[in-house]
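Data first, discussion second: the structure below is written as structure tokens.
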Amino acid sequence: MRLGSVNYETKGKIAILTLDEPGKLNALSAGIREGVLDGLKKVDEDDNVRVAIITGNGDKAFCAGADISGFNFDPDKVRKFMIEALAVLAAPENCRKPVISAVNGIAFGGGFELAIASDFIIASDRACFAVPEIKLGLLPGFAIVRLHDLIGRAKAKEMSILGDPISADEAFRLGLVLRVVPHGDLVTAALEFAERIASKPKLAVQMAKSFYNRGLGGDEMRHAIDGFPLLFMHQDAQEGIAAFLEKREAKFES
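In this text, residue positions in the sequence shown follow the numbering used here: the first is 1, and each later residue adds one.
In structure tokens, the structure reads:
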């Protein structure tokens, strides 16, 4: 299925969204933005889908960020793009289901921000990451907010102020990337990880994502405490506990 400039397909309980403008390095065009938003909305609404994977078509790029060639120093165009881009970057987090970015090449600017907005990044050994906006006299608004929490103040400042790319191995060392795999194994590795997630009880997975995204402190801790009894009474928990006591594999329905 084609959604804007994104190919959408399902494999069992997993949806795969492939950014498909390789000639433009899968930059955040209107078609890519439309496809990501529509695709993740579809993921959220489809009860048969448990996990989403976002990747890029081609060997060069996951997503090269904004296509600034059409801005022409027009503040209205820039403002419109920023509003639409921020909606796209919020979509992986707002999706109730886990989202994995399978980064197959460069993830720069908005492409890097899309990847770190996902729940997990699995990277090809050819992948590299950067927020190069500083080299254009700009700043990476979304990344500045997120990087501080993800990799710490000093490294976040270094990436934002220098704008230099880092390798997949360096991103792994910093904790941005869950694992680095050979380029040809990327989709297989992402699918295998997604299948492991999809095998877990749906409600518990969605609540775990929600709590981690909120942060566990103050009101959020109370939400977690309130949520535990709901899970405990759910059929998945009853099956999981029974299977543990009976020393067998759990068979979750949801």
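All C-beta atoms, glycine included, are put in the ideal place defined by N, C-alpha and C.
Please read these numbers as outputs of a predicted model, since none were measured by experiment.
- In the structure shown, the three-state DSSP call for L17 is strand.
- For the set E21, R50 and E34, the Cα lying nearest the Cα of N57 is the one of E21.
- Within the DSSP bridge table, the entry for K11 names I14 as partners.
- Counting C-beta pairs with one atom in each stretch, the stretch 120-128 and the stretch 162-180 have three or more that are closer than 8 Å, which means they touch.
- In this structure, K97 sits near R50, with a CB-CB distance shorter than 9 Å.
- DSSP, read as helix, strand or coil, puts A250 in coil.
- K202 sits buried, since 16 or more C-beta atoms from the chains shown fall within 10 Å of its C-beta.
- A87 carries a helical assignment under DSSP once its states are collapsed to helix, strand and coil.
- Secondary structure at G163: coil, using DSSP grouped into helix, strand and coil.
- Apart from the 5 residues on each side of it in sequence, I16 sits with its Cβ closer than 6 Å to the Cβ of E9 and I53 in its chain, given in chain order.
- Between the alpha carbons of V99 and L114 lies a distance of about 11 Å.
- Taking the Cα positions, I161 is about 10 Å away from G137.
- Taken in chain order, the complete alpha helix (DSSP H) segments of 4 residues or longer contained in the stretch 103-131 are 110-117.
- Counting C-beta atoms within 10 angstroms of its own C-beta, G23 has fewer than 16 neighbours from the protein chains shown and is therefore classed as exposed.
- According to the DSSP assignment, G56 belongs to no alpha helix (DSSP H) but to the beta strand (DSSP E) extending over V51 to G56.
- Contact between A64 and N104 does not hold, since the beta-carbon distance rounds to 12 Å and is not under 8 Å.
- Less than 9 Å separates the beta-carbon of K155 from that of L174.
- Rounded to the nearest whole angstrom, the C-alpha separation of K41 and A30 is 17 Å.
- As the crow flies, the alpha-carbon of V131 is around 33 Å from that of K13.
- Spatial neighbours of N7 in its own chain (CB-CB distance under 6 Å, excluding positions within 5 residues in sequence) are listed in chain order as T18 and D20.
- When the Cα atoms are used, G35 and A85 turn out to be separated by approximately 12 Å.
- The three-state secondary structure of V78, taken from DSSP, is helix.
- Its Cα nearest to that of V205, the residue D236 stands out among A189, D236, P182 and V181.
- In terms of Cβ geometry, C128 and A107 form a close pair [threshold 9 Å].
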